[in-house]
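Asker: For the sequence shown, position 272 matches number 272 in this note's numbering, and the numbering has no gaps at all.
We treat Cβ as the ideally placed atom computed from N, Cα and C, and that holds for glycine.
Bear in mind the structure is a predicted one, so any value in this text is a computation, not a measurement.
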Amino acid sequence: MKIAKCFGLVLSLLVSSGLYANNNPEIIAKSNFSIGESIEFRSVVLDESRTLNIYLPTGYDAASDKNYPVIYLLDGSASEDFIHLSGLVQFGSFSWINQLPESIVVGIENVDRKRDFTYPSSNSLDQEEFPTSGGSASFIRFIEEEIQPLVEKNYRTQSPKTIIGQSLGGLLVTEILFKNPNLFDNYIIISPSLWWDDGSLLKFTASKASSPKSIYIGVGKEGEIMEQAANALYTKIDVNKPANYQVYFNYFEQLSHGDTLHLAVYDAFDKIFKNKQNQ
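1) Starting from I295 and walking both ways along the beta strand (DSSP E), at which residues does that stretch end?
2) Per DSSP, what kind of secondary structure is Q254 in: helix, strand or coil?
3) Kindly list the residues whose CB is nearer than 6 Å to the CB of P181, restricted to its own chain and excluding five residues on each side of it in sequence; keep chain order.
4) Count the other C-beta atoms from every protein chain shown that fall within 10 angstroms of the C-beta of I97, then say buried if there are 16 or more, exposed otherwise.
5) Can you tell me whether S256 is buried or exposed? The criterion is at least 16 other CB atoms within 10 Å of its CB, across all chains shown.
6) Would you check if the distance between the CB atom of E109 and the CB atom of S77 is smaller than 7 Å?
7) Tell me which residue opens and which closes the alpha helix (DSSP H) that Q228 is part of.
8) Would the segment 214–230 and the segment 190–204 be scored as touching if the rule is three or more Cβ pairs under 8 Å?
9) Considering Cα atoms alone, identify which of H262, N123 and E144 is closest to W195.
10) Where does Q158 sit, in a helix, a strand or coil, going by DSSP?
11) Contact check, L172 vs L74 under 8 Å by CB: the rounded distance?
12) In this structure, does DSSP put V111 in helix, strand or coil?
13) What is the residue span of the alpha helix (DSSP H) that F142 lies within?
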């Protein structure tokens, strides 16, 4: 009984002196946390306002004499793939990782991806399910004539230029590679929707670029149509590639159409950039 009374007295003294007080800190201040900036501009080619989300490397402002490669990302809004892929770029460019060089990421926000990422289809079901489709030629012009010049004018850029697209975005990246290959140096094509227009793009005679290209194709366990099309694309490019093309492929059997992108892009960075980084 005396011991209990003594313990109670000691505890009371500790609490009153603040030595045993509950740790309940108060917030001193709050501030916004941002990983980039957004720019809005009027597109003459598309006749509409468009938004780009820009991730800049940590030392961008301090290193005023340094230029950076640019990674262009389709489906590039904050609610799509901009945040998690910008995180991959930041992580991969840490000096202790040294997977890829510090890079600017340009996320292209969507207005109508079914319109912008598809060329006209003769398939009646495509037309019915994608009534606004068929605008990829204008969107490719938009990238070439407006987005790239805008980025190169307002940010400190250098080669290489990389483009990343998944699903319908992968279809568009494949179309650019086949029809206008000099637009980018590196092409990362994930789960491409090559079923579009009954697979006509796989029959297209692709243009060859004079400059070196690195091409990565990745697909998950996404069903026979998607998997066969991705394999056919890899074979088509690899068999006919010029000597200055490097082509990579990976199958992610543990992943599906919804979650292949993140790990596939990490693998693409590893294959396209890491060997060059360590040379």
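Answerer: With the structure as the only source:
1) Residue 295 falls outside the range modelled here, since the chain spans only 1 to 279, and no answer is possible.
2) coil
3) S207 and A209
4) exposed
5) exposed
6) yes
7) E224 to V239
8) yes
9) N123
10) strand
11) 7 Å
12) coil
13) S136 to F142
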